[in-house]
Amino acid sequence: MFPIVLLSVFAVVLLFLGFLKSRSVLLPATLLFLVAALVANFLDWNKTYLYFNSMLRTDNLSMVFTAIVLLSSFLVVALSGSFEDDEAAQPAEYYAIILFSLVGAIMMIGYENLVMLFVGVEILSVAMYILTGSDKRNLRSNEAALKYFLMGAFATGIMLFGMALLYGASGSFTLAGIASYASHAQQGLSLIFYVGLLMLLVGLLFKVSAAPFHFWTPDVYDGAPTIFTAYMSTVVKTAGFAALLHLLAASFTYVYSFWGIILAVVTAITLIAGNVTAVYQNSFKRMMAYSSISHAGYLLIGLAALSAQSRQAIVFYSLAYSIATISAFGVLMLVTRQRGMQTLSSNPLSNESFDAFNGLAKQNPLLGLAMATSMLSLAGIPLTAGFWGKFYMFSTAVERGQIWLLVVAVLMSAVGIYYYFRVIIAMYFRDGATEPIRISPVFRYVLVAAIILTIGLGVAPGLLQGLF
Amino acid sequence: MQPTQDVLIPEVIQQIPLTYYLILSTVLFIIGIIGVLTRRNAIIIFMSIELMLNAVNLLLIAFSSYKSDSAGQVFVFFIMAVAAAEVSVGLAIIVMIYRNTRSIDVGLLNKLKW
Numbered sequence: 002m003f004p005i006v007l008l009s010v011f012a013v014v015l016l017f018l019g020f021l022k023s024r025s026v027l028l029p030a031t032l033l034f035l036v037a038a039l040v041a042n043f044l045d046w047n048k049t050y051l052y053f054n055s056m057l058r059t060d061n062l063s064m065v066f067t068a069i070v071l072l073s074s075f076l077v078v079a080l081s082g083s084f085e086d087d088e089a090a091q092p093a094e095y096y097a098i099i100l101f102s103l104v105g106a107i108m109m110i111g112y113e114n115l116v117m118l119f120v121g122v123e124i125l126s127v128a129m130y131i132l133t134g135s136d137k138r139n140l141r142s143n144e145a146a147l148k149y150f151l152m153g154a155f156a157t158g159i160m161l162f163g164m165a166l167l168y169g170a171s172g173s174f175t176l177a178g179i180a181s182y183a184s185h186a187q188q189g190l191s192l193i194f195y196v197g198l199l200m201l202l203v204g205l206l207f208k209v210s211a212a213p214f215h216f217w218t219p220d221v222y223d224g225a226p227t228i229f230t231a232y233m234s235t236v237v238k239t240a241g242f243a244a245l246l247h248l249l250a251a252s253f254t255y256v257y258s259f260w261g262i263i264l265a266v267v268t269a270i271t272l273i274a275g276n277v278t279a280v281y282q283n284s285f286k287r288m289m290a291y292s293s294i295s296h297a298g299y300l301l302i303g304l305a306a307l308s309a310q311s312r313q314a315i316v317f318y319s320l321a322y323s324i325a326t327i328s329a330f331g332v333l334m335l336v337t338r339q340r341g342m343q344t345l346s347s348n349p350l351s352n353e354s355f356d357a358f359n360g361l362a363k364q365n366p367l368l369g370l371a372m373a374t375s376m377l378s379l380a381g382i383p384l385t386a387g388f389w390g391k392f393y394m395f396s397t398a399v400e401r402g403q404i405w406l407l408v409v410a411v412l413m414s415a416v417g418i419y420y421y422f423r424v425i426i427a428m429y430f431r432d433g434a435t436e437p438i439r440i441s442p443v444f445r446y447v448l449v450a451a452i453i454l455t456i457g458l459g460v461a462p463g464l465l466q467g468l469f
Numbered sequence: 345m346q347p348t349q350d351v352l353i354p355e356v357i358q359q360i361p362l363t364y365y366l367i368l369s370t371v372l373f374i375i376g377i378i379g380v381l382t383r384r385n386a387i388i389i390f391m392s393i394e395l396m397l398n399a400v401n402l403l404l405i406a407f408s409s410y411k412s413d414s415a416g417q418v419f420v421f422f423i424m425a426v427a428a429a430e431v432s433v434g435l436a437i438i439v440m441i442y443r444n445t446r447s448i449d450v451g452l453l454n455k456l457k458w
């Protein structure tokens with residue numbers, strides 16, 4: 002609850018800081034605000050509170066998710082230093098929108114009432130539409146913004162219809178009220194309850210880009226400015242999965258036999274669609290978009306199983322995924338800018354392709370190491386955080402006895418190794434005409450921190466356990 | 345203006361069976377979905393989305409008055425407020441695209457392909 006209040010105030014303050022002549026104060030201020038919110042988040046540690054007329058809840062799980070979201074946005078904001086040199090950029094507004102959108106994300110994590118879920122989803126989504134289109138002169142960014150906006154609003158409509166039907170069946174918007182209605186499942190529930198649940202799930206699955214509702218993802222992730230792609234693919238996904246997990250665990254455990262199998266099928270489709278399509282990409286950025294779809298699939302395994310371990314598995318996986326994704330996009334930003342300066346072409350098709358990474362590791366060992374670590378983590382190679390993330394996910398499926406899903410997931414992570422290793426091979430074994438890339442100190446700290454976190458969590462995954 | 349007769353609004357709503365409201369709003373919602381999927385003009389797609397949201401509002405009000413529970417009506421206000429915010433951002437995006445391409449046909453937006 003404290004982060005919501007703090008971030009709302011800080012975002013307004015940031016807008017006013019935008020009036021200052023000097024832009025250099027904005028980035029440190031935003032980072033400071035995020036740290037303050039992160040500290041305030043833990044004030045309620047080990048206590049469970051309901052705030053705002055039982056609209057929002059804080060417990061250890063929601064605080065851990067909030068911490069992941071705040072940490073990811075801290076890393077992303079730290080990588081956004083290039084706004085200072087860009088004449089067309091408006092960093093004060095961008096940072097303020099990021100802070101506002103975090104308020105939405107935290108509401109999605111801690112809601113107790115469907116009204117709050119809706120408001121949280123919308124605050125986050127509307128902010129994302131703006132950030133996607135923030136490169137106003139760029140047609141690709143425009144197109145991505147329009148597609149994201151139309152598809153996102155469409156999904157919101159479906160989600161709202163589901164909420165209305167659930168309200169009609171159960172007479173309540175609170176998760177507890179819906180759960181008490183669903184507990185009479187033996188006597189038979191009305192049809193509109195099931196339809197409502199399905200539509201609500203479709204709306205939320207749309208937001209986390211699960212197949213078959215994923216078709217907007219590659220275009221939007223590809224067209225948006227890279228820094229905001231990094232933000233979208235981490236914060237929105239974490240918040241979306243926290244919302245889904247809380248919804249299903251708090252309200253719909255009684256009707257698991259209905260949605261469990263549906264979610265398992267969606268998981269399998271997501272895994273196959275994401276991984277197989279990613280193999281055929283030539284652009285690294287677009288490959289990362291499909292990779293994010295496939296990671297939505299891995300995260301869905303934990304939801305479809307919804308066992309005792311699911312909470313832990315989803316927390317661990319989203320943390321590992323967020324760190325690896327942010328450092329990969331960070332390296333991509335540097336490489337793209339370097340290529341743009343070398344070849345004087347702003348053609349994103351060549352600047353963001355796999356070939357842009359040729360020979361990177363020889364001249365820039367730190368960038369090579371950061372990228373290699375995050376690719377290994379995303380592929381799920383042992384001694385990285387991603388391995389344990391996948392391990393926990395798969396063990397939830399085993400616990401539920403969903404062996405067929407496990408087989409699909411293992412096969413698909415083998416496919417994943419192919420396209421993640423393409424980057425590593427390009428960096429270490431191909432020759433390219435890259436010169437040393439100048440890395441600003443903040444950038445260097447973020448990349449080193451990401452490497453340490455990824456490997457640290459891979460060596461000692463128990464660090465996170467027992468926290469909540 | 346003072347209400348002259350003692351008819352309460354929920355009673356007026358309840359003169360029509362609940363199923364009819366459900367059918368009406370479902371039909372409106374489906375018209376909206378068809379509009380989103382088939383039209384190519386960004387503004388018309390936008391209008392179709394608003395139609396979907398208003399179908400939800402109608403349904404919520406019907407349920408709310410049948411259950412004599414105010415939560416549904418309060419939710420309608422939330423939807424209206426949020427939809428207004430969404431419209432402002434959406435129209436800004438459409439204006440931005442019109443400035444760059446002199447068109448709002450979504451079929452022309454095909455820069456992003458794999």
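Those protein sequences? They're chains F and G, same order as listed. When you line the first sequence up against the numbering used here, it's residues 2 to 469, in that order. When you line the second sequence up against the numbering used here, it's residues 345 to 458, in that order. Positions of the beta carbon are idealized from the N, C-alpha and C atoms, including for glycine.
- Message: Is there a Cβ of chain F sitting closer than 8 Å to that of MET424/G, yes or no?
- Response: For the purposes of this step, residue 424/G is taken as residue 80 along the second sequence, with counting starting at 1. It does not: the Cβ of MET424/G has no partner Cβ on chain F nearer than 8 Å.
- Message: Among the candidates TYR318/F, SER311/F, LEU368/F, whose CA atom is the shortest distance from the CA of THR337/F?
- Response: The residue given as residue 337/F occupies position 336 in the first sequence. Selected option, being the one with the closest Cα: LEU368/F.
- Query: Does any residue of chain G bring its CB to less than 8 Å from the CB of TYR420/F?
  - Reply: By one-based count along the first sequence, residue 420/F stands at place 419. No, because no Cβ of chain G sits closer than 8 Å to the Cβ of TYR420/F.
- Query: Are there 16 or more other CB atoms within 10 angstroms of the CB of ARG340/F, so buried, or fewer, so exposed?
  - Reply: Taking the first residue of the first sequence as position 1, residue 340/F is located at position 339. Burial call: buried.
- Task: Would you check if the distance between the CB atom of GLU353/F and the CB atom of GLY224/F is smaller than 8 Å?
- Result: As a working mapping, residue 353/F is identified with position 352 in the first sequence. As a working mapping, residue 224/F is identified with position 223 in the first sequence. Not in contact: GLU353/F and GLY224/F (Cβ atoms no closer than 8 Å).
- Query: Would the beta-carbon of ALA244/F fall within 8 Å of that of THR268/F?
  - Reply: By 1-based counting over the first sequence, the position of residue 244/F is 243. By 1-based counting over the first sequence, the position of residue 268/F is 267. Their beta carbons are not under 8 Å apart, which means ALA244/F does not touch THR268/F by this criterion.
- If you draw a straight line from the alpha carbon of LEU140/F to that of LEU370/F, how long is it in whole angstroms? The residue given as residue 140/F occupies position 139 in the first sequence. The residue given as residue 370/F occupies position 369 in the first sequence. Taking the straight line from one Cα to the other gives about 34 Å.
- Message: Count Cβ pairs between the segment 226-242 of chain F and the segment 65-85 of chain F that sit closer than 8 Å; are there 3 or more?
- Response: Contact between the segment 226-242 of chain F and the segment 65-85 of chain F is present, because at least three Cβ pairs lie under 8 Å.
- Buried versus exposed call for PRO92/F [16 or more other C-beta atoms within 10 Å across all chains shown]: By 1-based counting over the first sequence, the position of residue 92/F is 91. So PRO92/F counts as buried.
- Query: Quick one, are the C-beta atoms of LYS208/F and TYR299/F less than 8 Å apart?
  - Reply: Taking the first sequence and counting its residues from 1, the one referred to as residue 208/F is at position 207. Taking the first sequence and counting its residues from 1, the one referred to as residue 299/F is at position 298. Going by C-beta atoms, LYS208/F is not nearer than 8 Å to TYR299/F.
- Take the Cβ of LYS506/F as the centre, count every other Cβ of all protein chains shown within 10 Å, and call the residue buried at 16 or more, exposed below. There is simply no residue 506/F to check, as chain F begins at 2 and stops at 469 in what is shown.
- Task: Using only alpha-carbon positions, find the residue among TYR112/F, PHE150/F, PHE216/F that is nearest to GLY134/F.
- Result: On the first sequence, position 133 is the one that residue 134/F refers to. Residue PHE150/F is the option with its Cα nearest to GLY134/F.
- Closest by C-alpha distance to LEU407/F, when choosing among MET394/F, ALA12/F, LEU39/F: On the first sequence, position 406 is the one that residue 407/F refers to. Closest by alpha carbon: MET394/F.
- Item | Inter-residue Cα distance where the pair is LEU307/F and VAL316/F | Locating residue 307/F in the first sequence gives position 306, counting from the first residue. Locating residue 316/F in the first sequence gives position 315, counting from the first residue. Approximately 13 Å between the Cα atoms of the pair.
- Assign LEU57/F to one of three DSSP states: helix, strand, or coil. Along the first sequence, one-based indexing puts residue 57/F at 56. LEU57/F falls in the strand class under three-state DSSP.
- What separation, rounded to the nearest whole angstrom, lies between the Cα atoms of SER9/F and VAL104/F? The residue you call residue 9/F lines up with position 8 of the first sequence. The residue you call residue 104/F lines up with position 103 of the first sequence. Looking at the two C-alpha atoms, the distance is approximately 7 Å.
- Task: Establish whether the CB of VAL400/G and some CB of chain F are separated by less than 8 Å.
- Result: Your numbering for residue 400/G matches position 56 in the second sequence. Yes, because at least one Cβ of chain F sits closer than 8 Å to the Cβ of VAL400/G.
- Message: Since PHE174/F and ALA415/G should fall inside the 8 Å C-beta cutoff, what is the C-beta to C-beta distance between them, to a whole number of angstroms?
- Response: Taking the first residue of the first sequence as 1, we reach residue 174/F at position 173. Taking the first residue of the second sequence as 1, we reach residue 415/G at position 71. Sure, about 5 Å apart at Cβ, within 8 Å.
- Work out the CA separation of MET152/F and TRP217/F for me, nearest whole Å. Mapped onto the first sequence, residue 217/F falls at position 216. Mapped onto the first sequence, residue 152/F falls at position 151. Rounded to whole angstroms, TRP217/F to MET152/F spans 7 Å at the Cα level.
- Query: Using 8 Å as the Cβ pair cut-off and three pairs as the minimum, do the segment 108-116 of chain F and the segment 6-24 of chain F touch?
  - Reply: Contact between the segment 108-116 of chain F and the segment 6-24 of chain F is absent: fewer than 3 CB-CB pairs across the two stretches fall below 8 Å.
- Query: Shortest alpha-carbon distance to ILE456/F belongs to which of LEU51/F, TYR446/F, ILE382/F, VAL13/F?
  - Reply: Numbered from its first residue, the first sequence carries residue 456/F at position 455. For ILE456/F, the closest alpha carbon among the candidates LEU51/F, TYR446/F, ILE382/F, VAL13/F is that of ILE382/F.
- Query: Going by alpha carbons, who is nearest to SER441/F out of MET334/F, LEU454/F, LEU464/F?
  - Reply: Translated into positions along the first sequence, residue 441/F becomes position 440. If we check each option's Cα against that of SER441/F, MET334/F comes out closest.
- Item | ALA170/F versus GLY158/F, LEU190/F, PHE162/F, PHE155/F, residue with shortest Cα-Cα distance | Position 169 of the first sequence holds residue 170/F. Of the candidates GLY158/F, LEU190/F, PHE162/F, PHE155/F, the one whose C-alpha sits nearest the C-alpha of ALA170/F is LEU190/F.
- Query: From this set, VAL431/G, VAL450/G, SER392/G, THR370/G, which residue's C-alpha is nearest ILE378/G's C-alpha?
  - Reply: Residue mapping note: residue 378/G aligns to position 34 of the second sequence, counting from 1. If we check each option's Cα against that of ILE378/G, SER392/G comes out closest.
- Message: Is ALA106/F close to chain G? Criterion is C-beta to C-beta, closer than 8 Å.
- Response: Mapped onto the first sequence, residue 106/F falls at position 105. For ALA106/F, the answer is no, since every Cβ of chain G falls outside 8 Å of its Cβ.
- Any C-beta of chain F sitting closer than 8 Å to the C-beta of MET345/G? Taking the first residue of the second sequence as position 1, residue 345/G is located at position 1. At MET345/G, the pLDDT of 48 sits below 50, so the modelled position is not reliable and the matter cannot be decided from this model.
- Evaluate GLY204/F with the Cβ neighbour count: other Cβ atoms within 10 Å of its Cβ, from every protein chain shown; 16 or more gives buried, anything less gives exposed. For this step, residue 204/F is matched to residue 203 along the first sequence. Buried, by the Cβ-count rule.
- Message: With a threshold of 6 Å on Cβ separation, who are the neighbours of ILE441/G within its own chain once the five nearest residues in sequence on each side are excluded?
- Response: Translated into positions along the second sequence, residue 441/G becomes position 97. Once the five neighbours on either side are set aside, ILE441/G has no close Cβ partner at all.
- Query: Taking PHE422/G as the reference, which of ALA406/G, ASN444/G, ILE437/G, ASN398/G has the closest Cα?
  - Reply: What you label residue 422/G is simply residue 78 of the second sequence in a count that begins at 1. The option with the nearest alpha carbon to PHE422/G is ASN398/G.
- Below-8 Å beta-carbon distance, MET391/G vs any chain F residue: For the purposes of this step, residue 391/G is taken as the residue at position 47 of the second sequence. Not one chain F Cβ lies under 8 Å of MET391/G.
- Can you give me, in chain order, the residues of the segment 135-155 of chain F that have a beta carbon less than 8 Å from any beta carbon in chain G? So the list reads LYS137, ARG138, LEU140, ARG141, ASN143, GLU144, ALA145, ALA146, LEU147, LYS148, PHE150, LEU151, ALA154, PHE155, given in the order they occur along the chain.
- Item | Range covered by the alpha helix (DSSP H) that runs through LEU304/F | Position 303 of the first sequence, counted from the start, is the residue given in the question as residue 304/F. Following the DSSP letters along the chain, one finds LEU304/F inside the alpha helix (DSSP H) bounded by residues 285-306.
- Message: Taking the straight line between their C-alpha atoms, what separation do you get for LEU264/F and PRO213/F?
- Response: On the first sequence, residue 264/F is found 263 positions in, with the first residue counted as 1. On the first sequence, residue 213/F is found 212 positions in, with the first residue counted as 1. Roughly 12 Å separates the two Cα atoms.
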